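Protein chains in written order, with my numbering: chain C, 1 to 207; chain L, 1 to 207; chain V, 1 to 207; chain H, 1 to 207.
Step one of this worksheet: look at the structure below.
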């Protein structure tokens with residue numbers, strides 16, 4: 001990324017450019033492109049995530065990020081005979097609701113299995129599976145797209161599950177690329193303003 | 001599209017190019033780019049669809065087409081208190097299964113409503129909603145991307161619901177842009193071969 | 001665009017949504033998505049431009065916008081035997097430089113023609129053609145991508161020729177879609193800040 | 001890539017999937033997705049190239065591949081006071097043309113330098129630089145996009161310079177990812193047909 005950054009403004013060969021870059025100058029250059037918003041050089045690095053234990057509600061939001069690549073466990077081809085179900089915290093804190101929720105998931109699973117036994121294909125039996133059903137995804141995105149993803153999904157207005165996922169992803173990429181991701185997050189943290197207007201969470205005052 | 005096609009190979013001004021094109025020459029040029037696979041000129045026309053009465057199972061496949069734009073009814077913000085549920089034909093033809101399916105949908109809807117009454121937000125109550133739940137989408141795609149969509153989703157191996165949707169979409173675009181879409185469809189129809197290998201439906205033999 | 005905007009938050013059918021929208025409510029909704037940065041609904045409208053009288057220096061920048069479609073007059077296939085050449089204002093204001101520039105363009109054109117006469121193909125003869133050589137492009141982009149293009153290319157730090165082009169394009173789209181484009185432009189005008197840091201032109205102070 | 005491939009069809013955890021894959025099964029799976037055209041899993045691997053010694057004629061074609069990332073030496077910011085010029089083979093084999101070509105390049109370089117001395121900015125002086133001018137690019141693309149690039153640009157109908165570049169890139173990626181790239185190339189080699197119709201080079205007969 002740093003070499004790509006320097007190439008744009010240099011008459012040197014790429015080998016010479018790469019040799020002249022050390023950790024410190026790389027950090028300085030990455031810091032500068034982040035500040036100026038010249039983010040295209042960040043596209044040269046990409047990151048692949050193995051994601052499990054998320055709901056289909058969450059994955060439906062995840063795959064809406066179009067500058068990224070996804071391979072998802074298929075409900076058409078994989079028989080979900082022992083499906084896990086994700087429980088939202090707001091339900092978890094209501095014991096009666098939890099009991100009803102779990103009972104319902106048992107009924108759904110039983111009906112799914114019954115449909116398979118009746119000879120219905122998995123791709124049709126899945127119509128009874130809920131948004132809570134667990135799914136697995138392998139996702140790849142470049143650093144620029146990932147910063148955009150983190151900006152949107154770490155906002156307090158993002159849905160709790162994808163926000164939690166985004167937090168875990170940020171922890172991972174910060175370890176391997178701290179220069180790029182140390183300040184990643186919603187615009188209130190990174191740029192000092194909130195675009196959400198009347199829907200703002202109020203973390204920062206707006207003008 | 002025809003003007004864009006001619007521009008690449010002409011020394012004329014664009015106005016002169018446009019004036020020289022009539023319906024017949026446009027049809028001939030579009031036919032030629034389709035045959036040669038020089039599809040980029042088809043990107044200059046785009047089509048917008050109002051899609052209703054599809055399941056979330058179907059929309060999850062739909063939004064995976066990344067060279068397209070989607071606005072979808074949000075289960076986070078819209079209360080699905082009177083949700084419609086899509087019934088797969090393979091279940092429909094099994095009367096007992098239909099009865100169980102409908103009963104289950106009633107239970108799901110009741111639980112969804114109960115969660116809302118308990119004070120759970122719609123974005124969390126929706127975890128109990130099934131893939132069968134109806135959704136609405138406004139989708140825009142250019143002609144090139146649309147041809148690719150139709151090629152993949154009109155294949156007999158595509159899932160029945162998105163295949164049905166693709167068929168309806170093709171009917172609509174054929175009306176307004178017959179030159180582009182008259183031969184759209186799976187590769188067995190358009191190119192005389194099947195890429196699906198051992199998973200082929202066998203419509204055409206695949207030496 | 002307004003219907004797509006409303007669909008996300010409404011339980012109504014799309015027909016009912018469209019009927020309920022009038023010019024005033026559409027303007028209000030578009031204004032709101034622009035303010036909140038919820039720009040995806042703007043992807044449903046796209047705009048096609050016939051662009052002539054720009055240099056290859058300009059088109060090389062233009063085609064770097066990847067969320068857009070381009071059909072360009074080909075120097076491989078079109079014989080540029082009577083090429084126009086774009087003269088930068090900074091050269092135009094130096095009479096001696098203009099004379100030398102014009103002489104050089106005559107030499108280039110003569111050599112190009114000589115190479116063709118020698119039997120060299122147009123695709124190789126063009127190696128002597130300069131960045132100043134005129135080109136023609138048909139370009140299509142959706143409103144969201146176009147706003148991004150205008151933000152970047154109407155900045156005073158953009159190169160003069162593409163900035164001039166962006167200004168002409170903005171005039172055109174403002175006529176047909178004033179709600180979307182009335183406030184389009186660089187961030188200093190639209191958002192009150194400049195991301196260019198030490199390279200800022202100073203139009204607005206950058207605390 | 002192999003893990004992503006298997007995930008779609010498996011009920012296992014991703015760790016278990018990865019452990020179960022060895023070199024042989026990975027090769028088999030990659031071979032299968034290539035044959036079936038299920039190429040999305042190939043997007044999880046990306047490749048970055050340092051490209052030098054190509055002309056601006058070549059780079060103008062290169063950057064038209066939109067599913068890729070480019071950082072290019074800028075003629076706006078870098079002073080090309082000692083520019084290299086690429087000589088097409090068809091000119092090289094005509095000694096008189098070479099002499100004229102070289103003379104012209106000397107004149108162009110002299111005028112470029114004179115403009116800089118006159119106080120004209122590099123971004124305007126470059127209008128006299130020819131398509132032959134050397135440029136440098138750092139390019140990143142994922143394996144799927146790269147296969148598409150190689151298919152188009154290794155065709156005998158592609159322009160000689162980008163075809164040469166594509167050949168060198170293929171050599172490099174074949175070394176590190178032979179399973180993916182061992183059969184990369186134009187459709188005549190990989191799929192046994194030519195889409196170019198009447199413009200076909202005739203390498204294979206096109207009944």
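Every residue gets a Cβ at the ideal spot worked out from N, C-alpha and C, and that includes glycine.
If you're wondering where the values come from, they're calculated on a predicted model, not measured in any experiment.
Taking the alpha-carbon of residue 58 of chain H as reference, which of H/197, H/189, H/161 and H/188 has the nearest alpha-carbon?
H/161
How should residue 205 of chain H be labelled, buried or exposed, when 16 other C-beta atoms within 10 angstroms of its C-beta is the threshold for buried?
exposed
With contact counted as at least three CB pairs below 8 Å, one residue from each stretch, are the region 96-104 of chain C and the region 108-117 of chain L in contact?
yes
Distance cutoff 8 Å, beta carbons only. Does residue 10 of chain L sit that close to anything in chain V?
yes
Alpha carbon to alpha carbon, how far is residue 153 of chain L from residue 184 of chain L? Give it in angstroms, no decimals.
11 Å
Neighbour list for residue 186 of chain L in chain H, Cβ cutoff strictly below 9 Å:
Going along chain H, no residue has its Cβ under 9 Å from residue 186 of chain L, so there is no contact; the nearest lies around 12 Å.
Out of V/95, V/94 and V/125, which one is the CA nearest neighbour of residue 109 of chain V?
V/125
Are any of the Cβ atoms in chain L nearer than 8 Å to that of residue 35 of chain V?
no
Residue 76 of chain H versus H/195, H/53 and H/122, residue with shortest Cα-Cα distance:
H/122
Under a Cβ-count criterion, where at least 16 other Cβ atoms within 10 Å of its own Cβ denotes burial, should residue 88 of chain C be classed as buried or exposed?
buried
Is the beta carbon of residue 138 of chain H closer than 8 Å to that of residue 4 of chain C?
yes
Residue 180 of chain C to residue 30 of chain C span [Cα, whole Å]
7 Å
Below 6 Å CB to CB, which residues in the same chain sit around residue 142 of chain H once its five sequence neighbours on both sides are set aside?
43 and 46
Measuring alpha carbon to alpha carbon, tell me which residue in H/106, H/33, H/26 and H/140 is nearest residue 132 of chain H.
H/106
Quick check: what's the CA-CA separation for residue 174 of chain L versus residue 32 of chain L?
18 Å
Is residue 19 of chain H a contact residue of the ligand SAH, with contact defined as CB to any heavy atom under 7 Å?
No copy of the ligand SAH appears in this structure; indeed no ligand is present at all.
Straight-line CA distance for residue 201 of chain V to residue 63 of chain L?
41 Å
Neighbouring residues, chain C, relative to residue 72 of chain H (Cβ below 8 Å)
7 and 8
Going by DSSP, which residues form a beta bridge with residue 134 of chain H?
H/55
Status (buried if at least 16 other CB within 10 Å, exposed otherwise) for residue 166 of chain V
buried
Neighbourhood of residue 188 of chain V by C-beta, 6 Å cutoff - its chain only, sequence neighbours within 5 removed:
194, 203 and 204
What is the DSSP secondary structure of residue 50 of chain C, counted as helix, strand or coil?
strand
Looking only at its own chain, which residues have a Cβ that is under 8 Å from the Cβ of residue 79 of chain L, when we skip the five neighbours before and after it?
116 and 122
Rounding to the nearest angstrom, what Cα-Cα distance links residue 111 of chain C and residue 128 of chain C in this structure?
8 Å
Look at the alpha carbon of residue 65 of chain C and the alpha carbon of residue 61 of chain H, and state the distance between them as a whole number of angstroms.
28 Å
Which word fits residue 55 of chain L, buried or exposed, when buried means at least 16 other C-beta atoms lie within 10 angstroms of its C-beta?
buried
Can you check which of these residues, V/91, V/156, V/70 and V/24, is closest to residue 135 of chain V by C-alpha distance?
V/70
Tell me which same chain residues have a C-beta within less than 6 Å of the C-beta of residue 6 of chain C, skipping the five on either side of it?
17
Give a yes or no on whether 8 Å exceeds the smallest Cβ distance from residue 117 of chain V to chain L.
no
What separation, rounded to the nearest whole angstrom, lies between the Cα atoms of residue 225 of chain V and residue 148 of chain V?
With chain V covering only 1 through 207, there is no way to say anything about residue 225 of chain V.
For residue 189 of chain C, go through chain L and note every residue whose CB falls closer than 9 Å to its CB, in chain order.
Neighbours of residue 189 of chain C on chain L: none; closest Cβ ~23 Å, over 9 Å.
Segment limits, beta strand (DSSP E) that includes residue 73 of chain H:
That residue, residue 73 of chain H, is in no beta strand (DSSP E); it is neither H nor E in DSSP.
Here's the rule I'm using: 16 or more other beta-carbon atoms within 10 Å means buried, otherwise exposed. How should residue 145 of chain C be labelled?
buried
Distance between beta carbons of residue 97 of chain V and residue 120 of chain H, contact taken as under 8 Å
7 Å
Rounded Cβ spacing between residue 151 of chain L and residue 186 of chain L (contact assumed at less than 8 Å)
6 Å
Buried or exposed for residue 168 of chain H, going by 16 or more other Cβ atoms inside 10 Å?
exposed
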